[in-house]
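Right, one structure below, let's go through it.
In our numbering, the protein residues as written are 111 to 174.
Structure, rendered in structure tokens:
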């Protein structure tokens, strides 16, 4: 294939992207909790945990 990206490289790039997005949502959750806007804080925290789970899977080293 022309221009194909290797799977491990793409997996790490997606992991890094999800890590940045997860940290951003964690920051939003913290700011919303500080402002006592609980609906936004809970929603952002849930999204942060979800994205950080994807990041952990994407950045985990594969054996082999």
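No residue lacks a Cβ here, since even glycine has one placed at the ideal position from N, Cα and C.
Cα-Cα separation between residue 122 and residue 131, rounded to whole angstroms: Straight-line Cα distance between these residues: approximately 14 Å.
Taking DSSP as the reference, what is the three-state secondary structure of residue 170? Three-state DSSP puts residue 170 in coil, outside helix and strand.
Segments assigned alpha helix (DSSP H), at least 4 residues, entirely inside the segment 129 to 158: With a minimum length of 4 residues, no continuous alpha helix (DSSP H) run stays inside the segment 129 to 158.
State the CB to CB distance for the pair residue 155 and residue 139, rounded to an integer number of angstroms; the pair is presumed to be in contact (CB under 8 Å). The Cβ separation is near 4 Å, so the contact holds.
Using CA coordinates, which residue listed in 129, 144, 142, 171 is at the minimum distance from residue 161? Nearest option by C-alpha distance: 129.
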